[in-house]
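Peer 1: In order, the protein sequence lines correspond to chains A and B. In terms of my numbering, the first sequence opens at residue 2 and continues consecutively. In terms of my numbering, the second sequence opens at residue 337 and continues consecutively. Note that beta-carbon positions come from the ideal geometry of N, C-alpha and C, so glycine has one too. Quick one: this structure, given as structure tokens, is what I'll be asking you about.
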Amino acid sequence: MSFNITPFKRDVRLHGKLPRVEQTSLSYPMLLLDGTLSRIKALPFFSTFNFSTYKGLIIQPASIPFCGVYLLQEMMLADGDSNTGEPRFKTLARIGISVIIQNNDVVAAEYMLDKAMQAISVGLFTDHTYYNNSLYKIQGFTSATRQHVFGRVGTLDNETPVAELRFELTCDLGIIYYEPLVPDVLEVIHLETIFPIDGDASKVQQVKVEYDLEQNE
Amino acid sequence: MAINFSTQVYAHTYDTFARPVTFMPKNQPPFSGRGIWTTQKFDIETETAAIFSDAQTILDILESEFSTMPNQGDQLFIPSYIGMPEVGTFEILDLDTNGFETTLALRRVMVAKP
Numbered sequence: 002m003s004f005n006i007t008p009f010k011r012d013v014r015l016h017g018k019l020p021r022v023e024q025t026s027l028s029y030p031m032l033l034l035d036g037t038l039s040r041i042k043a044l045p046f047f048s049t050f051n052f053s054t055y056k057g058l059i060i061q062p063a064s065i066p067f068c069g070v071y072l073l074q075e076m077m078l079a080d081g082d083s084n085t086g087e088p089r090f091k092t093l094a095r096i097g098i099s100v101i102i103q104n105n106d107v108v109a110a111e112y113m114l115d116k117a118m119q120a121i122s123v124g125l126f127t128d129h130t131y132y133n134n135s136l137y138k139i140q141g142f143t144s145a146t147r148q149h150v151f152g153r154v155g156t157l158d159n160e161t162p163v164a165e166l167r168f169e170l171t172c173d174l175g176i177i178y179y180e181p182l183v184p185d186v187l188e189v190i191h192l193e194t195i196f197p198i199d200g201d202a203s204k205v206q207q208v209k210v211e212y213d214l215e216q217n218e
Numbered sequence: 337m338a339i340n341f342s343t344q345v346y347a348h349t350y351d352t353f354a355r356p357v358t359f360m361p362k363n364q365p366p367f368s369g370r371g372i373w374t375t376q377k378f379d380i381e382t383e384t385a386a387i388f389s390d391a392q393t394i395l396d397i398l399e400s401e402f403s404t405m406p407n408q409g410d411q412l413f414i415p416s417y418i419g420m421p422e423v424g425t426f427e428i429l430d431l432d433t434n435g436f437e438t439t440l441a442l443r444r445v446m447v448a449k450p
């Protein structure tokens with residue numbers, strides 16, 4: 002199970018004659034999320050799993066085995082002096098992966114979670130296209146955490162024998178620049194000759210022309 | 337005046353609400369008994385606070401009806417009864433007593449996935 006996100010295009014124009022600005026259809030963290038999801042889906046270990054990237058989904062027992070891949074957080078840190086130059090951010094994206102299985106044998110369940118972790122870590126980190134591709138670049142993996150959770154923390158007496166792998170991965174997406182839009186407001190060029198210089202211009206056919214510059218696209 | 341809760345209160349309650357249960361202790365032959373089965377919604381917060389929709393299921397048993405009490409890890413089966421459908425097989429996760437009645441926290445026995 003997965004939810005496809007329709008890319009959006011935002012049309013930004015300050016003036017009718019200014020160039021149209023088409024922003025990236027998806028932000029880099031969302032492209033990273035999609036790239037992570039598609040690679041995990043392709044791993045043989047996850048062939049029987051149901052998937053989602055939607056945090057609001059209420060996961061049903063029938064959805065097990067389940068794998069959720071989520072964009073947990075994007076962190077944007079000023080690159081250099083924040084009050085100098087154009088806006089630019091060192092951008093980190095935190096991806097959360099939740100693998101939910103069921104097994105009454107908690108020891109066997111923990112080993113299965115470990116297999117899932119091995120499948121994810123080996124599958125992602127040995128795939129160089131995961132961090133070096135045409136859509137986004139991962140400069141580095143700055144940190145990761147892993148947990149095994151059995152049922153509801155604090156009570157553990159839920160009916161379904163679930164076990165969950167929680168893997169969080171922080172990816173450094175590098176410096177993302179937001180270069181200023183410098184509008185070109187030149188609309189019309191009016192050109193008129195007066196020739197000859199210091200002579201009788203009325204006896205010479207003059208050139209008079211206007212260029213109305215199409216600047217919209 | 338003292339009240340024997342087991343015989344004067346709980347026994348009548350069990351006569352009304354309890355249903356047959358087969359208890360299956362580890363390494364012991366199964367035996368029949370009865371208990372009051374209850375289940376209610378119980379959500380589990382997963383990664384990113386996404387919710388796993390689960391249930392919390394218990395079986396109350398009257399201690400005076402048991403010569404040997406069930407233990408953690410034992411299984412039990414709740415069959416269909418007077419038109420009520422079969423509930424299934426469970427493993428006992430936890431036991432809590434109030435002195436007369438023990439509440440068994442149950443986990444459903446399910447096929448491992450994957």
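#1: Please classify A:Ile-41 as buried or exposed, where buried requires at least 16 other C-beta atoms within 10 Å of its C-beta.
#2: Can you list, in chain order, the residues of its chain whose CB lies under 7 Å from that of A:Pro-162, leaving out five sequence neighbours each side?
#3: So if I threshold CB-CB distances at 9 Å, which residues from the segment 378-394 of chain B count as touching chain A?
#4: Do B:Ile-414 and B:Trp-373 count as a contact pair if the criterion is CB distance below 8 Å?
#5: Along the segment 395-413 of chain B, where does the CB come closer than 8 Å to a CB of chain A? Name the residues.
#6: For a quick check, are the C-beta atoms of B:Phe-436 and B:Pro-406 less than 8 Å apart?
#7: Looking at the strands, I want to know which residues DSSP matches up with B:Thr-439.
#8: For the structure I just gave you, are there three or more beta carbon pairs, one from the segment 196-209 of chain A and one from the segment 170-179 of chain A, closer than 8 Å?
#9: Count the other CB atoms within 10 Å of the CB of B:Thr-352; is the residue buried (16 or more) or exposed (fewer)?
#10: In chain order, what residues of the same chain lie with their CB nearer than 7 Å to the CB of B:Val-445, ignoring the 5 residues before and after it?
#11: Using CA coordinates, which residue listed in A:Thr-49, A:Thr-130 and A:Ile-59 is at the minimum distance from B:Ala-385?
#12: Consider the Cβ of A:Pro-30: report whether some Cβ of chain B lies at a distance smaller than 8 Å.
#13: Going by DSSP, which residues form a beta bridge with B:His-348?
#14: In angstroms with no decimal places, state the Cα-to-Cα distance between B:Lys-377 and B:Ala-391.
#15: Using beta-carbon positions only, say whether A:Leu-44 and A:Gly-124 come within less than 8 Å of one another.
#16: Quick check on the DSSP output: what are the complete alpha helix (DSSP H) runs of length 4 or more inside the segment 99-148 of chain A, in order along the chain?
#17: Quick one, which residues of the segment 32-51 of chain A are near chain B if we go by CB-CB under 7 Å, in chain order?
#18: Interface residues of chain A around B:Lys-449 at Cβ under 7 Å?
#19: Using a Cβ-Cβ cut-off of 8 Å, state whether B:Met-446 counts as contacting chain A.
#20: Among the candidates A:Val-154, A:Tyr-178, A:Phe-142 and A:Lys-204, whose CA atom is the shortest distance from the CA of A:Phe-90?
#21: Can a CB atom of chain A be found closer than 8 Å to the CB of B:Ala-441?
Peer 2: Based on what the coordinates show:
#1: buried
#2: Contacts found: Gln-103, Asn-104 and Asn-105.
#3: Phe-378, Asp-379, Ile-380, Glu-381, Thr-382, Glu-383, Thr-384, Ala-385, Ala-386, Ile-387, Phe-388, Ser-389, Asp-390, Ala-391, Gln-392, Thr-393 and Ile-394
#4: Taking a C-beta distance under 8 Å as the contact criterion, B:Trp-373 and B:Ile-414 qualify as a contact pair.
#5: none
#6: no
#7: B:Asp-396 and B:Asp-432
#8: no
#9: exposed
#10: Gln-411, Thr-425, Phe-426 and Glu-427
#11: A:Ile-59
#12: At a cut-off of 8 Å, the C-beta of A:Pro-30 has no neighbouring C-beta in chain B.
#13: Answer by DSSP bridge pairing: none, since B:His-348 is not bridged.
#14: Rounded to the nearest whole angstrom, the CA to CA distance from B:Lys-377 to B:Ala-391 is 4 Å.
#15: Result yes, Cβ atoms of A:Leu-44 and A:Gly-124 sit closer than 8 Å.
#16: 107-126 and 129-132
#17: Thr-49
#18: Going along chain A in sequence order, the residues near B:Lys-449 (Cβ under 7 Å) are Ile-65, Pro-66, Ile-102 and Gln-103.
#19: Cβ-Cβ to chain A under 8 Å: yes for B:Met-446.
#20: A:Tyr-178
#21: Interface annotation, B:Ala-441: in contact with chain A, CB-CB separation under 8 Å.
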